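Q: Mind looking over this structure? Questions follow.
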Amino acid sequence: MLIRLWGVRGSIPTPSTTKLYRQKLSKVLRLASEKKFETDSDINEFIESLDPALNSVIGGNTPCVEVLAGDTRLVFDMGSGMRPLGNFLLDSKDPNTEMHVFISHTHWDHIQGWVFFKPGFIPSYKMNFYSPHGNFEQRLNAQQDFRFFPVPLNFMASHKEFHDFTPESSVVINGIKISNTELHHPGKSYGYRVEYGGKVFVYATDSEYNNFNTKRYERLVDFFKDADALIFDAQYSFDQEIQRIDWGHSSAFAGVDLAIQANVKELILFHHDPDNTDFQILSLYDLSIKYLADNYPQNNLTVTVAREGAEFNL
Ligand SMILES: [Zn+2]
Ligand SMILES: [Zn+2]
48 MLIRLWGVRG
58 SIPTPSTTKL
68 YRQKLSKVLR
78 LASEKKFETD
88 SDINEFIESL
98 DPALNSVIGG
108 NTPCVEVLAG
118 DTRLVFDMGS
128 GMRPLGNFLL
138 DSKDPNTEMH
148 VFISHTHWDH
158 IQGWVFFKPG
168 FIPSYKMNFY
178 SPHGNFEQRL
188 NAQQDFRFFP
198 VPLNFMASHK
208 EFHDFTPESS
218 VVINGIKISN
228 TELHHPGKSY
238 GYRVEYGGKV
248 FVYATDSEYN
258 NFNTKRYERL
268 VDFFKDADAL
278 IFDAQYSFDQ
288 EIQRIDWGHS
298 SAFAGVDLAI
308 QANVKELILF
318 HHDPDNTDFQ
328 ILSLYDLSIK
338 YLADNYPQNN
348 LTVTVAREGA
358 EFNL
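Note that this note's numbering numbers the sequence shown so that position 76 is 123, with each residue one more than the last.
Rendered as structure tokens:
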């Protein structure tokens, strides 16, 4: 399985700022002042050697994750990251024009990218939508009501099929098993577990793990069990998580606890808070690494910060 991250930010698209750009620039210039560059390749080598906080961005697009399993394309959520995914598909002239789109829930940050997804307007594209919420087509129509968006859903010329996906059930598409489970979030969110070729990928965003009884917690540990990669809602710091009970999000610490119990190999911190800068997100990551080392000294868990453009090969 190949996983590509097109949108990793939570709640609202978050463009970068001049302030953040200048903070990075001043740190890079300080480091560069100790170097001597003869050629462009010296410069490229220097850029590659920098801390990821300085040579890349976390990205401001809201959730959209692409999974290629064999020749089958799965897409999880249609946040604003779906726009660059569409551009990529058209630019690369990928002949595979069918995809299977799974929706966690229909809060704006998970569906807004659809109307800017250019393949959605092209008749040769075949879109299969799956949502355990049941009335997904109606919800998309509501988003495209003329008062809120100028183009209605039925004006988008791609071939669209809306599939029923019963809560807590599975489907098999071209040998790929995809299961869903309910997550704790206002209006319900759904997580997805993908099993293919002996590998397991779990996409579980917009979820809170407080106030759980043991049975509910165990159900989720079971859903995450032995995942090779787990995309996890780590929007908050631990302090914010305590202050924001019932807001429906979680922290990297909760992710570490769950990942350890479920024997996950790689935990991918996702749905970053729009008010956190790249530096703040990376310091939350540092805290999660410390939390992991302090609480689970014997462990093989890898923790990663989700960044736009990142790829994972399982
Ligand atoms: Zn969200
Ligand atoms: Zn939400």
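By construction, the Cβ of each residue, glycine as well, lies at the ideal position given by its N, Cα and C atoms. Being a predicted model, the structure only gives us computed values, none of them experimental.
Is any heavy atom of ligand 1 found at a distance shorter than 8 Å from the C-beta of Gly28?
A: The structure shown does not extend to residue 28, since the chain is modelled only from 48 through 361, so no value can be given for it.
Q: What separation, rounded to the nearest whole angstrom, lies between the Cα atoms of Ala79 and Arg69?
A: 15 Å
Q: Should Ser58 be counted as a contact of ligand 4 given a C-beta to heavy atom distance under 8 Å?
A: What this structure holds is ligand 1 and ligand 2, not ligand 4.
Q: Measuring only from the beta carbon, is Pro110 closer than 8 Å to any heavy atom that is part of ligand 1?
A: For Pro110, the Cβ falls inside the 8 Å cut-off from some heavy atom of ligand 1.
Q: On the DSSP letters alone, give me the boundaries of the alpha helix (DSSP H) that Ile90 sits inside.
A: 87-96
Q: Under 8 Å: does the beta carbon of Thr370 sit that close to some heavy atom of ligand 1?
A: Here the chain has residues from 48 to 361 only, and residue 370 is not among them.
Q: So does Asp156 have its beta carbon nearer than 8 Å to some heavy atom of ligand 2?
A: Asp156 Cβ: within cutoff of ligand 2.
Q: What is the rounded straight-line gap between the Cα of Glu313 and the Cα of Asn342?
A: Roughly 17 Å separates the two Cα atoms.
Q: Measuring CA to CA, which of Val241, Asp156, Leu101 is closest to Arg77?
A: Leu101
Q: Any heavy atom of ligand 2 closer than 8 Å to the CB of His180?
A: no
Q: Is it buried or exposed for Glu113, if we count other Cβ within 10 angstroms and need 16 for buried?
A: buried
Q: Is the beta carbon of Ala281 less than 9 Å from the beta carbon of His319?
A: Yes.
Q: Is the beta carbon of Gly160 within less than 8 Å of some heavy atom of ligand 2?
A: No, the beta carbon of Gly160 sits no closer than 8 Å to any heavy atom of ligand 2.
Q: Which residue comes first and which comes last in the alpha helix (DSSP H) that contains Lys71?
A: 65-79
Q: Starting from Lys224, trace the beta strand (DSSP E) in both directions and tell me its first and last residue.
A: 223-230
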